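Report on the structure given below.
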Amino acid sequence: MNSPKINKLFLSLAAISVLSIGLQAADWLTIAGTEPTFVKKDGKKVLNSNTTPHVWGFIQVGYRNDYGTILQKNGINKTPFAMLPPSLDSQSGFEVNRARLAVRGMIDKDNTLNYFFMTEFGEDGITKPAGHATHNYLTDASLTYTGFDYVNIRLGQFKYPGSEEGLRAVFASSYRSFSSAGSQLLLERFLPNDAKQIKPGLFQAATEESVGAFRDRGIELFHTQKIQPNITVTVAGMVGSGTGMSSSNAAGSLTYYGYLAGEYLFGKGRGYYTESFKGFAWYQNGKRQLNNQDYSRERYGLGVNYFHNGLRVGAEYIKAKGMIYNGAKDVDSNPYGVNWEYQIAADKKNEADGGYINVAYFFIPKKWEAMVRYDYLNRLTNSTLGERDFETTTLGLSYHFKGPTRIDLNYAFRSADAPNNPKAQKVLDHMDNLLSIQATYKF
Numbered sequence: 065m066n067s068p069k070i071n072k073l074f075l076s077l078a079a080i081s082v083l084s085i086g087l088q089a090a091d092w093l094t095i096a097g098t099e100p101t102f103v104k105k106d107g108k109k110v111l112n113s114n115t116t117p118h119v120w121g122f123i124q125v126g127y128r129n130d131y132g133t134i135l136q137k138n139g140i141n142k143t144p145f146a147m148l149p150p151s152l153d154s155q156s157g158f159e160v161n162r163a164r165l166a167v168r169g170m171i172d173k174d175n176t177l178n179y180f181f182m183t184e185f186g187e188d189g190i191t192k193p194a195g196h197a198t199h200n201y202l203t204d205a206s207l208t209y210t211g212f213d214y215v216n217i218r219l220g221q222f223k224y225p226g227s228e229e230g231l232r233a234v235f236a237s238s239y240r241s242f243s244s245a246g247s248q249l250l251l252e253r254f255l256p257n258d259a260k261q262i263k264p265g266l267f268q269a270a271t272e273e274s275v276g277a278f279r280d281r282g283i284e285l286f287h288t289q290k291i292q293p294n295i296t297v298t299v300a301g302m303v304g305s306g307t308g309m310s311s312s313n314a315a316g317s318l319t320y321y322g323y324l325a326g327e328y329l330f331g332k333g334r335g336y337y338t339e340s341f342k343g344f345a346w347y348q349n350g351k352r353q354l355n356n357q358d359y360s361r362e363r364y365g366l367g368v369n370y371f372h373n374g375l376r377v378g379a380e381y382i383k384a385k386g387m388i389y390n391g392a393k394d395v396d397s398n399p400y401g402v403n404w405e406y407q408i409a410a411d412k413k414n415e416a417d418g419g420y421i422n423v424a425y426f427f428i429p430k431k432w433e434a435m436v437r438y439d440y441l442n443r444l445t446n447s448t449l450g451e452r453d454f455e456t457t458t459l460g461l462s463y464h465f466k467g468p469t470r471i472d473l474n475y476a477f478r479s480a481d482a483p484n485n486p487k488a489q490k491v492l493d494h495m496d497n498l499l500s501i502q503a504t505y506k507f
């Protein structure tokens, strides 16, 4: 495996090199939180005054096959990484990964009060994390006031300002899976307050809530300012409950988010296909409660994204401190069944870092796209026995019918190391590659 320090240095330099010249593939905060000021009518741009609700949605269906081998001991499955999420009960099969229906629009003709609501009916970490049904079908519910000149105010439940991988519309990416760092460091798992403490600072319990899905409940101030005809700067800050999509705040404290991005626009495309050069940085910090004790959870990162003439290049570096997801654990000794619980290392001294670099190219414009993404995660680097290092290289090919409506083929080459733990390495050696085929239909 490559040196973790080399991985960290490479992604940091890739991100900083662009941030230093002050140059977003898509302004996701504005896209998700507000309605457009202008629309096209009879070939001309006119002020948007249409208060008719806009109903839309998307569905993602597909097939996956994990080529890893299962290791069981006394009926306990030791290899969750060889099982397919979210349920972790099979190694291959067809799926309805996401099925979301949304409505958005403006309440007044002056376009000063916007709304956004979205529901989820597929099977993923929102509805069935680790095989436990949450009966949660609401992902987004927000109102945005746009009446001020230099700030928009958004309240409710929505995506917090942060990582590009989390902010972007999930139907837009041609990768079936998030990067290892995005999945384990940012896609937050929540444990109940009465989680069992396995070791000092190490907690485990069955989940009772949806994964965070890069969302929180709270209030956000954000604004995108054009400083030159083709250059914009976006600033955002949010105060959230730190509970993701649940309705309680066990820690009794707030989570804070900050975001800064600069974008050089080339003048074509929109949404995920905006042709531009983007640099961004973000930060989040809050506390969670376990056994009536508050534990800190800190994350920050920076990155770049470039898309022009069919070529997309993106890189992001992520750093984590405090509470860190430590995998899923089977607690059912029945060899014919599994009962998964999440494990979280909660000590403030914990650290992890990771990132990705992605290159994609439309070799036949707007139809055929080829891509490759390398991602890594160094988890619990402060722990000699607990450190785990993951590397994944994903090759992909997509056929686009129109925009995001497409078919994606992904093949991921995966490996994991326990640098100072030979016993754990024998378990990790059961990891293997992953094949994914997914069809996305947006309406």
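Using this note's numbering, read the sequence shown as starting at 65 and increasing by one per residue.
Where a beta carbon is used, it is the ideal one built from N, C-alpha and C, also for glycine.
If you're wondering where the values come from, they're calculated on a predicted model, not measured in any experiment.
Exercise. Shortest alpha-carbon distance to Leu492 belongs to which of Val110, Pro193, Ala270 and Gln136?
Worked result: Taking the sequence shown and counting its residues from 1, the one referred to as residue 492 is at position 428. Of Val110, Pro193, Ala270 and Gln136, the residue nearest in Cα terms is Gln136.
For this session: Along the alpha helix (DSSP H) that carries Gly97, what are the first and last residues, could you check?
Result: Within the sequence shown, numbered from 1, the residue matching residue 97 stands at position 33. Trp92 to Gly97 is the extent of the alpha helix (DSSP H) around Gly97.
Problem set entry | Enclosing alpha helix (DSSP H) for Lys230 [first to last residue] | The count along the sequence shown starts at 1 and reaches residue 230 at position 166. A quick correction: the sequence has Gly, not Lys, at residue 230. Counting along the chain, the alpha helix (DSSP H) containing Gly230 begins and ends at Glu228 to Leu231.
Exercise. So is Arg281 buried or exposed if we call it buried at 16+ other beta carbons inside 10 Å?
Worked result: Position 217 of the sequence shown holds residue 281. Buried: at least 16 other Cβ atoms inside 10 Å.
For this session: Assuming Thr101 and Asn112 form a contact by the criterion Cβ under 8 Å, report the distance between their Cβ atoms to the nearest whole angstrom.
Result: In the sequence shown, counting from the first residue as 1, residue 101 sits at position 37. In the sequence shown, counting from the first residue as 1, residue 112 sits at position 48. Confirmed, Cβ separation roughly 6 Å.
Problem set entry | Coil, strand or helix - Ala205 by DSSP | In the sequence shown, the residue the question calls residue 205 occupies position 141. Reduced to three states, the DSSP call for Ala205 is strand.
For this session: Closer than 6 Å by C-beta to Arg376: which residues in its own chain qualify, once you throw out the five before and the five after it? Chain order, please.
Result: By one-based count along the sequence shown, residue 376 stands at place 312. Ala424, listed in sequence order.
Problem set entry | Asp258 to Phe185 span [Cα, whole Å] | Here residue 258 is taken as the residue at index 194 of the sequence shown, counted from 1. Here residue 185 is taken as the residue at index 121 of the sequence shown, counted from 1. Cα to Cα, the separation comes out at about 29 Å.
Problem set entry | Inter-residue Cα distance where the pair is Arg361 and Met495 | Looking up residue 361 in the sequence shown gives position 297. Looking up residue 495 in the sequence shown gives position 431. When rounded, the distance between both Cα atoms is 28 Å.
Exercise. Does the beta-carbon of Asp91 have 16 or more other beta-carbons within 10 angstroms, so that it is buried, or is it exposed?
Worked result: Working through the sequence shown from its first residue, we reach residue 91 at position 27. Its Cβ being crowded by 16 or more others within 10 Å, Asp91 is buried.
Exercise. Can the beta-carbon of Leu441 be found closer than 9 Å to that of Ala245?
Worked result: Taking the first residue of the sequence shown as 1, we reach residue 441 at position 377. Taking the first residue of the sequence shown as 1, we reach residue 245 at position 181. Yes, Cβ-Cβ distance for Leu441 and Ala245 is below 9 Å.
Problem set entry | Neighbourhood of Arg168 by C-beta, 6 Å cutoff - its chain only, sequence neighbours within 5 removed | Walking along the sequence shown from the start, residue 168 turns up at place 104. Taken in chain order, the residues that qualify are His118 and Phe180.
Exercise. The alpha helix (DSSP H) with Val402 in it runs from where to where?
Worked result: Position 338 of the sequence shown, counting from 1, holds the residue named residue 402. Run containing Val402: none; DSSP gives neither H nor E here.
Exercise. Of the choices Tyr364, Arg128, Phe242 and Gly132, whose alpha-carbon is the least far from that of Ile421?
Worked result: Taking the sequence shown and counting its residues from 1, the one referred to as residue 421 is at position 357. Comparing Cα positions, the closest option is Phe242.
For this session: Mind the definition here: the segment 348 to 358 touches the segment 388 to 397 only if three or more C-beta pairs lie below 8 Å; say whether that holds.
Result: no
Exercise. Are Leu152 and Val402 closer than 9 Å when you measure CB to CB?
Worked result: Position 88 of the sequence shown holds residue 152. Position 338 of the sequence shown holds residue 402. Cβ atoms of Leu152 and Val402: closer than 9 Å.
Problem set entry | Integer Cβ distance of Gly301 from Gly350, believed to fall under 8 Å | Position 237 of the sequence shown, counted from the first residue, corresponds to residue 301. Position 286 of the sequence shown, counted from the first residue, corresponds to residue 350. No, Gly301 and Gly350 are not in contact; Cβ-Cβ is about 14 Å, not under 8 Å.
For this session: Output the distance between the C-alpha atoms of Val275 and Asp106, rounded to the nearest integer angstrom.
Result: Sequence index remark: in the sequence shown, residue 275 carries index 211 (1-based). Sequence index remark: in the sequence shown, residue 106 carries index 42 (1-based). Each residue's Cα considered, the two are about 44 Å apart.
For this session: Kindly indicate which residue of Lys430, Leu461, Asn129 and Trp404 has the alpha-carbon position closest to the one of Ala197.
Result: The count along the sequence shown starts at 1 and reaches residue 197 at position 133. Among Lys430, Leu461, Asn129 and Trp404, the Cα nearest to that of Ala197 is on Trp404.
Exercise. Does DSSP classify Gly308 as helix, strand or coil?
Worked result: Residue 308 sits at position 244 when you count from the first residue of the sequence shown. Here Gly308 sits in coil by DSSP.
For this session: Take Pro429 and list the residues in its own chain whose beta-carbon comes closer than 8 Å to its own, dropping the five residues that flank it on each side.
Result: Residue numbering aside, residue 429 sits at position 365 when the sequence shown is read from its first letter. Counting only Cβ-Cβ distances below 8 Å, and skipping sequence neighbours, we find Gly374.
For this session: Report the three-state DSSP secondary structure of Lys156 (helix, strand or coil).
Result: Numbered from 1 along the sequence shown, position 92 holds the residue referred to as residue 156. Looking at the sequence shown, residue 156 is not Lys but Ser. In this structure, Ser156 counts as strand in the three-state DSSP scheme.
Exercise. Can you name the start and end residues of the alpha helix (DSSP H) that Lys490 belongs to?
Worked result: The residue labelled residue 490 in the question sits at position 426 within the sequence shown. Taken as a continuous stretch (DSSP letters only), the alpha helix (DSSP H) holding Lys490 covers Pro486 to Leu492.
For this session: Measure the alpha-carbon distance for Ala277 versus Gly308 and round it to whole angstroms.
Result: For the purposes of this step, residue 277 is identified with residue 213 of the sequence shown, where counting begins at 1. For the purposes of this step, residue 308 is identified with residue 244 of the sequence shown, where counting begins at 1. Going by the C-alpha atoms only, they are around 7 Å apart.
For this session: Have a look at Gln289 and Asp417 and give me their C-alpha separation to the nearest angstrom.
Result: Position 225 of the sequence shown holds residue 289. Position 353 of the sequence shown holds residue 417. If you take the alpha carbons of Gln289 and Asp417, they lie about 32 Å apart.
For this session: Would you kindly work out how many angstroms separate the C-alpha atoms of Ser500 and Leu250, rounded to a whole number?
Result: Stepping through the sequence shown from its first residue, residue 500 is reached at position 436. Stepping through the sequence shown from its first residue, residue 250 is reached at position 186. Going by the C-alpha atoms only, they are around 22 Å apart.
For this session: Indicate the three-state DSSP secondary structure (helix, strand or coil) for Tyr347 in the structure shown.
Result: Taking the first residue of the sequence shown as 1, we reach residue 347 at position 283. Tyr347: strand per DSSP, three-state reduction.
For this session: With DSSP as the reference, please indicate the residues paired to Ser513 in a beta bridge.
Result: Because the chain is modelled from 65 through 507, residue 513 falls outside the range shown and cannot be assessed.
For this session: Tell me where the beta strand (DSSP E) around Leu461 begins and ends.
Result: By 1-based counting over the sequence shown, the position of residue 461 is 397. Here the beta strand (DSSP E) through Leu461 covers Arg452 to Lys466.
For this session: Counting only the same chain and skipping the five closest in sequence on each side, list residues whose C-beta sits under 6 Å from that of Leu498.
Result: Against the sequence shown, residue 498 aligns to sequence position 434. Within the same chain, Leu498 has close Cβ partners Asp130 and Ala476.
Exercise. Just checking my contact of Gly419 with Tyr370 at CB under 8 Å: how many whole Å lie between their CB atoms?
Worked result: As a position in the sequence shown, residue 419 is number 355, starting the count at 1. As a position in the sequence shown, residue 370 is number 306, starting the count at 1. Gly419 to Tyr370, Cβ: 16 Å. No contact.
For this session: Buried or exposed for Phe454, please, with buried defined as at least 16 other CB atoms from any protein chain shown within 10 angstroms of its CB.
Result: The sequence position of residue 454 within the sequence shown is 390, counting from 1. Per the 10 Å Cβ criterion, buried.
Problem set entry | Proximity winner among Ala480, Asn485 and Asp472, relative to Arg128 (alpha-carbon distances) | The count along the sequence shown starts at 1 and reaches residue 128 at position 64. The shortest Cα separation from Arg128 among Ala480, Asn485 and Asp472 belongs to Asp472.
For this session: Go ahead and label Thr116 buried or exposed: buried means 16 or more other beta carbons lie within 10 angstroms of its beta carbon, across all protein chains shown.
Result: The residue you call residue 116 lines up with position 52 of the sequence shown. Its Cβ having fewer than 16 others within 10 Å, Thr116 is exposed.
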